[in-house]
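With this note's numbering, the residue at position 42 of the sequence shown is 42, and numbering never jumps. Note that beta-carbon positions come from the ideal geometry of N, C-alpha and C, so glycine has one too. Computed from a prediction, not measured in an experiment: that's the story for all the values here. Structure, as structure tokens:
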Amino acid sequence: MKVLMTEYLRIDLDSEKWECRVCDHEIGPANKGYKEGMLVYDRDPREIHPPIIDPEKYRFTFSPDPEWVRILEYYCPHCGTMVETEYAIPGHPPLHDMQPDLPALRAQWAKREEIAKPVVGPEVLADQGHSH
Numbered sequence: 001m002k003v004l005m006t007e008y009l010r011i012d013l014d015s016e017k018w019e020c021r022v023c024d025h026e027i028g029p030a031n032k033g034y035k036e037g038m039l040v041y042d043r044d045p046r047e048i049h050p051p052i053i054d055p056e057k058y059r060f061t062f063s064p065d066p067e068w069v070r071i072l073e074y075y076c077p078h079c080g081t082m083v084e085t086e087y088a089i090p091g092h093p094p095l096h097d098m099q100p101d102l103p104a105l106r107a108q109w110a111k112r113e114e115i116a117k118p119v120v121g122p123e124v125l126a127d128q129g130h131s132h
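Written out as structure tokens, the structure reads:
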């Protein structure tokens, strides 16, 4: 059984592995952080948040200082889908954001059917009188 965890990640409860939902690539063991199996791009925060005022004239430019913050982007190593982004302190290890309880997940999903795609609410049809 495969359980959807995020927009781009799922866990295969049979193999206990993280998988990419886009390309089905096996990322790594689900008892460890999924980020260990991802490609990481350590971005200069000034690329994302460029200075608002001239950095040649002013020390503080409303742009993050790369000595104080870094932006880590995590990508599937097979298809290149960006799975996660985090702001971190330089030198600090990546954040451990999910620690699934695999036995509890297995018990929770034992009596359910596998969901391959997320369930969304009903679509609003134009002929039902809804408009903006």
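Using 10 angstroms around the beta-carbon of residue i, count the other beta-carbons present and answer buried if the total reaches 16, otherwise exposed.
i: GLU84; result: buried
i: LYS17; result: buried
i: MET38; result: buried
i: GLU19; result: buried
Check residue i in the structure and name its three-state DSSP category.
i: TRP68; result: coil
i: TYR139; result: This structure does not reach residue 139, given that the chain is present from 1 up to 132, and the question cannot be answered.
i: ILE52; result: coil
i: GLU19; result: strand
i: PRO45; result: helix
i: LEU95; result: coil
i: TYR58; result: coil
Measuring CA to CA, which of the options is closest to residue i?
i: ILE89; options: GLN108, HIS96 and GLU67; result: GLU67
What distance in whole Å lies between the Cβ atoms of residue j and residue i, which are believed to be in contact at a cut-off of 8 Å?
i: HIS78; j: GLY33; result: The Cβ separation is near 18 Å, so there is no contact.
request  = Pair every Cβ in the stretch 62-82 with every Cβ in the stretch 103-112, then say whether three or more of these pairs are closer than 8 Å.
outcome  = Between the stretch 62-82 and the stretch 103-112, the count of C-beta pairs closer than 8 Å stays below three; the two stretches do not touch.
query = So does the stretch 7-15 actually touch the stretch 46-65, counting three or more Cβ pairs closer than 8 Å?
reply = Contact between the stretch 7-15 and the stretch 46-65 is absent, because fewer than three Cβ pairs lie under 8 Å.
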